[in-house]
Amino acid sequence: MYETIVALATAPIKSALAIIRLSGDDCFFVVSKFFSKDLTTTTKSTIHHGFIKDNDEIIDEVVLLTYKGPHSFTGEDSVEIICHGSPLIFNKIVEVAVKYGARLALGGEFSSRSYMHNKMDLIQAESINDLINAESEESKKISMMALTGKTSKLIEPLKKSFGDILSLIEVNIDYPEYTDIEEANFEKINEFCTENIKYIENLIESGNKGKIIKDGIKVALVGKPNVGKSSILNALLQEEKAIVTDVKGTTRDVVEGKINLNGIVINLYDTAGIRESNDLVEGIGIKKSIDKLNEADLVLVIFDSLKLDDEDKKILEFVKDKEYITVYNKADLYDNDGKNNLFVSALKDDINPLKEEIIKHLGLSKSNYSNPSVANTRELGILENLKSQLIRIKLDNMANVPVDIINSEIHDAYLKVLSLTGEDNDFDIAAEIFSRFCVGK
Ligand SMILES: Nc1nc2c(ncn2[C@@H]2O[C@H](COP(=O)(O)OP(=O)(O)OP(=O)(O)O)[C@@H](O)[C@H]2O)c(=O)[nH]1
Ligand SMILES: [Mg+2]
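Every letter in the sequence shown is one number past the one before it in the numbering used here, and letter 125, counting from 1, is 125.
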């Protein structure tokens, strides 16, 4: 029995209209207690005009939609009430719904019920959150492909291949006396591992690219004081966001900005110039610079001369294990051939070469934008795990580990494949995912 839940589905602010959602096995019964019409005999989805009331008190004149399960988002009987968008009204309607038997929904509970009733898989469910949080048109497209089930289809070949090999091995184990069935021999298992490792590697590669498009990247600007980090930030943003002076150590706190390059959201972090400093405040700023540098997906190391001094070299030491681009700023001040290195001048607004270099660095192709990809952190984590497991199985197979042990290893890996879409029915993981959703979704 799924109890009836209620939540405001629109923003909790004053607006023209608001939507309140209810869902549950006795939803029509509960709503009939505070709506001017009886909905208990509803057999199909309908639209009503009427009044929300608490006994004799009329709370609002509304439009009410019923969705007869399973033909609803959650798969259960559901109702949407379109009311006037006053907080006094929509809060009161939710209150009345609770009074007559509904319970306040938890974050993501509507989506969670949809998953429980097999209306969508976990990949689709996770994409709802991504869709709501999308900050660019391209990000929205990637999430939409996941929501419509195109991304889940990428998992189908894995499921089929695992199913095939498992049934073949099991038939071999169970019926050793039959000679006319295909043998689950070394080559077969080896081929299964090799093909799937390759398939997963491709999924991971395109997934990581898709994730860049979906989530954007973090780019930190670092360098010694006065090289023009803040000036570059301002030039990229086309806005005087950070303070620029010729005093070394001007920037103390991290200054953030956002730009969109080819549809990718680039989150920029201008940081305090890194140098030895006895100044307490500057010292704290420098520590923050190093933290940001470590967090970033890409670091822009800024120099203001072709001749690097000890301070510059020390910064290169800090970034040696990171993805980074070296940028020579103040190119208006010294001779450069414009080749081999990336030269810019924030002062002269000559910043396009840097934008182009960032785009080049991302290495995205047209197909990354137009094809579905497994671009979610949880899903990519499972794929990495699965790949390592298949490599181990392949090695065990080479080491002539008995087939029944290989069988149980493949079985274990198969559960991971199923966990991508939530078909392993691990409701703890599902609950964790849905708890990150907003209430009403
Ligand atoms: N000639 C020239 N001067 C520049 C250029 N970019 C920045 N400057 C100047 O260099 C000085 C320092 O610039 P900032 O942007 O404050 O440097 P910063 O790296 O952020 O410095 P800190 O915050 O102190 O670490 C300012 O006087 C800028 O006007 C450039 O491309 N050419
Ligand atoms: Mg600065």
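Quick reminder that beta carbons are idealized off the backbone N, C-alpha and C, glycines included.
Since this is a predicted model, take the numbers as computed values, not measurements.
Within this structure, are the beta carbons of Ile89 and Ile59 separated by less than 8 Å? For the purposes of this step, residue 89 is taken as the residue at position 89 of the sequence shown. For the purposes of this step, residue 59 is taken as the residue at position 59 of the sequence shown. Going by C-beta atoms, Ile89 is nearer than 8 Å to Ile59.
So, under 8 Å CB-CB, Val244 and Ser231 are touching, yes? Tell me the CB distance rounded to an integer number of Å. The residue labelled residue 244 in the question sits at position 244 within the sequence shown. The residue labelled residue 231 in the question sits at position 231 within the sequence shown. Rounded to whole angstroms, the Cβ separation of Val244 and Ser231 is 5 Å, and the two are in contact under 8 Å.
Residue span of the beta strand (DSSP E) that contains Val417, given as start and end: Along the sequence shown, one-based indexing puts residue 417 at 417. Element bounds for Val417: not the beta strand (DSSP E) but the alpha helix (DSSP H), Val403 to Thr421.
Buried or exposed, going by whether 16 or more other CB atoms sit within 10 Å of the CB of Ala18? On the sequence shown, position 18 is the one that residue 18 refers to. Its Cβ being crowded by 16 or more others within 10 Å, Ala18 is buried.
Nearest residue (CA-CA) to Ser305, options Ile290, Asn336 and Glu323: If you number the sequence shown from 1, residue 305 lands on position 305. Of the residues Ile290, Asn336 and Glu323, the one whose Cα lies closest to the Cα of Ser305 is Asn336.
Starting from Arg392 and walking both ways along the alpha helix (DSSP H), at which residues does that stretch end? Counted from its first residue, the sequence shown places residue 392 at position 392. Counting along the chain, the alpha helix (DSSP H) containing Arg392 begins and ends at Thr377 to Met398.
Taking the beta carbon of Thr43 as the centre, do at least 16 other beta carbons fall within 10 Å, making it buried, or is it exposed? In the sequence shown, the residue the question calls residue 43 occupies position 43. Residue environment analysis places Thr43 among the exposed positions, since fewer than 16 neighbouring C-beta atoms fall within 10 angstroms of its C-beta.
Report the option in Tyr2, Thr4, Phe318 and Ile20 whose CA atom is closest to the CA atom of Thr10. Along the sequence shown, read from residue 1 onward, the residue named residue 10 stands at position 10. Proximity to Thr10 across Tyr2, Thr4, Phe318 and Ile20 peaks at Ile20, based on C-alpha coordinates.
Sequence-distant residues of the same chain with beta carbon closer than 8 Å to Tyr67, five excluded per side: As a working mapping, residue 67 is identified with position 67 in the sequence shown. Only residues of its own chain outside the window of five on either side were considered, and among them Ser45, Phe73, Asp77, Ser78, Val79 and Glu80 have a CB closer than 8 Å to the CB of Tyr67, listed in chain order.
Ligand 1 and Val244: does the residue's C-beta get closer than 7 Å to at least one heavy atom of that ligand? Counting from one through the sequence shown, the residue named residue 244 turns up at place 244. Yes - ligand 1 has a heavy atom lying nearer than 7 Å to the Cβ of Val244.
Check whether Val344 and Asn329 have beta carbons under 8 Å apart: Working through the sequence shown from its first residue, we reach residue 344 at position 344. Working through the sequence shown from its first residue, we reach residue 329 at position 329. Taking 8 Å as the cut-off, the beta carbon of Val344 is found closer than this to the beta carbon of Asn329.
Euclidean distance between Cα positions of Leu22 and Val6: Working through the sequence shown from its first residue, we reach residue 22 at position 22. Working through the sequence shown from its first residue, we reach residue 6 at position 6. Note on geometry: alpha-carbon atoms of Leu22 and Val6 lie some 4 Å from one another.
If you drop the 5 nearest sequence neighbours on each side, which residues of the same chain put their C-beta closer than 7 Å to that of Glu3? Along the sequence shown, one-based indexing puts residue 3 at 3. Closer than 7 Å at Cβ, skipping near neighbours: Gly24 and Arg103.
Among Pro353, His411 and Lys211, which residue has its Cα nearest to the Cα of Asn371? The residue you call residue 371 lines up with position 371 of the sequence shown. For Asn371, the closest of Pro353, His411 and Lys211 by C-alpha to C-alpha distance is Lys211.
If distances are taken between C-alpha atoms only, which option among Asp38, Leu300 and Glu201 comes closest to Pro353? Position 353 of the sequence shown, counted from the start, is the residue given in the question as residue 353. Looking at the Cα atoms, Leu300 is the closest of the given residues.
What is the DSSP secondary structure of Lys339, reduced to helix, strand or coil? Translated into positions along the sequence shown, residue 339 becomes position 339. Three-state result, Lys339: coil.
Given a threshold of 16 other Cβ atoms within 10 Å of its Cβ, counted over all protein chains shown, does Leu122 qualify as buried or as exposed? Translated into the one-based positions of the sequence shown, residue 122 becomes position 122. It counts as buried.
Taking 7 Å as the line, does the beta carbon of Pro353 fall inside it for any heavy atom of ligand 1? The sequence position of residue 353 within the sequence shown is 353, counting from 1. The answer is no for Pro353.
Beta carbon of Asp312: closer than 7 Å to some heavy atom of ligand 2? Your numbering for residue 312 matches position 312 in the sequence shown. No, since every heavy atom of ligand 2 falls outside the 7 Å radius drawn around the Cβ of Asp312.
Close Cβ partners of Ser289 (< 7 Å) along its chain, the five nearest in sequence each way excluded: Within the sequence shown, residue 289 is the residue found at index 289, counting from 1. Around Ser289: Val222, Thr271, Ala272 and Ile274.
Can you look up Ile243 in the DSSP assignment and give me helix, strand or coil? For the purposes of this step, residue 243 is taken as residue 243 along the sequence shown, with counting starting at 1. Here Ile243 sits in coil by DSSP.
If we ignore side chains and look at the alpha-carbon of each, how far apart do Leu147 and Ala125 end up? As a first step, residue 147 is located in the sequence shown; it is residue number 147 there, counting from the start. As a first step, residue 125 is located in the sequence shown; it is residue number 125 there, counting from the start. Each residue's Cα considered, the two are about 7 Å apart.
At the level of alpha carbons, what is the spacing between Met398 and Ile189? Residue numbering aside, residue 398 sits at position 398 when the sequence shown is read from its first letter. Residue numbering aside, residue 189 sits at position 189 when the sequence shown is read from its first letter. Roughly 10 Å separates the two Cα atoms.
Please report how far the alpha carbon of Glu379 lies from the alpha carbon of Ile197, in whole angstroms. To locate residue 379, count along the sequence shown from 1; it is residue 379. To locate residue 197, count along the sequence shown from 1; it is residue 197. So the alpha carbons of these two residues sit roughly 16 Å apart.
Would you say the beta carbon of Gly223 is closer than 7 Å to some non-hydrogen atom of ligand 1? Reading the sequence shown from its first residue, position 223 is the one you call residue 223. Using a cutoff of 7 Å, the CB of Gly223 counts as near ligand 1, since one of the ligand's heavy atoms is closer than that.
Ile155 in three-state terms, based on DSSP: Residue 155 sits at position 155 when you count from the first residue of the sequence shown. Ile155: coil per DSSP, three-state reduction.
In or out: Ile358 buried (at least 16 other Cβ within 10 Å) or exposed? As a working mapping, residue 358 is identified with position 358 in the sequence shown. Residue environment for Ile358: buried (at least 16 other C-beta atoms within 10 angstroms of its C-beta).
Label Ile52 either buried or exposed according to how many other C-beta atoms from any shown protein chain fall within 10 Å of its C-beta, with 16 as the threshold for buried. The sequence position of residue 52 within the sequence shown is 52, counting from 1. That one is buried.
Determine the direct distance from the alpha carbon of Leu203 to that of Lys394, and round the result to whole angstroms. Numbered from its first residue, the sequence shown carries residue 394 at position 394. Numbered from its first residue, the sequence shown carries residue 203 at position 203. In this structure, the CA atom of Lys394 is about 19 Å from the CA atom of Leu203.
Go ahead and label Lys160 buried or exposed: buried means 16 or more other beta carbons lie within 10 angstroms of its beta carbon, across all protein chains shown. Sequence index remark: in the sequence shown, residue 160 carries index 160 (1-based). The residue is exposed, with fewer than 16 neighbouring Cβ atoms inside 10 Å.
If I measure Cβ to Cβ from Leu65 and keep anything under 6 Å in the same chain, skipping five residues before and after, which residues do I get? Taking the first residue of the sequence shown as 1, we reach residue 65 at position 65. Setting aside the 5 residues that flank it on each side, Leu65 is surrounded in the same chain by Ile47 and Glu80, each with a C-beta closer than 6 Å to its C-beta; the list follows chain order.
Distance between Lys313 and Asn226 (C-alpha atoms, nearest Å): Along the sequence shown, one-based indexing puts residue 226 at 226. Along the sequence shown, one-based indexing puts residue 313 at 313. In this structure, the CA atom of Asn226 is about 15 Å from the CA atom of Lys313.
Could you give the first and the last residue of the continuous alpha helix (DSSP H) run that contains Leu221? In the sequence shown, the residue the question calls residue 221 occupies position 221. Counting along the chain, Leu221 falls outside any alpha helix (DSSP H), though it belongs to the beta strand (DSSP E) covering Ile217 to Val222.
Should Val319 be counted as a contact of ligand 1 given a C-beta to heavy atom distance under 7 Å? Sequence index remark: in the sequence shown, residue 319 carries index 319 (1-based). Distance from the C-beta of Val319 to the nearest heavy atom of ligand 1 is not below 7 Å.
How about Gly249: is its Cβ closer than 7 Å to a heavy atom in ligand 1? In the sequence shown, the residue the question calls residue 249 occupies position 249. Distances from the CB of Gly249 to the heavy atoms of ligand 1 include at least one below 7 Å.
Distance, Leu293 Cα to Tyr324 Cα: Numbered from its first residue, the sequence shown carries residue 324 at position 324. Numbered from its first residue, the sequence shown carries residue 293 at position 293. So the alpha carbons of these two residues sit roughly 10 Å apart.
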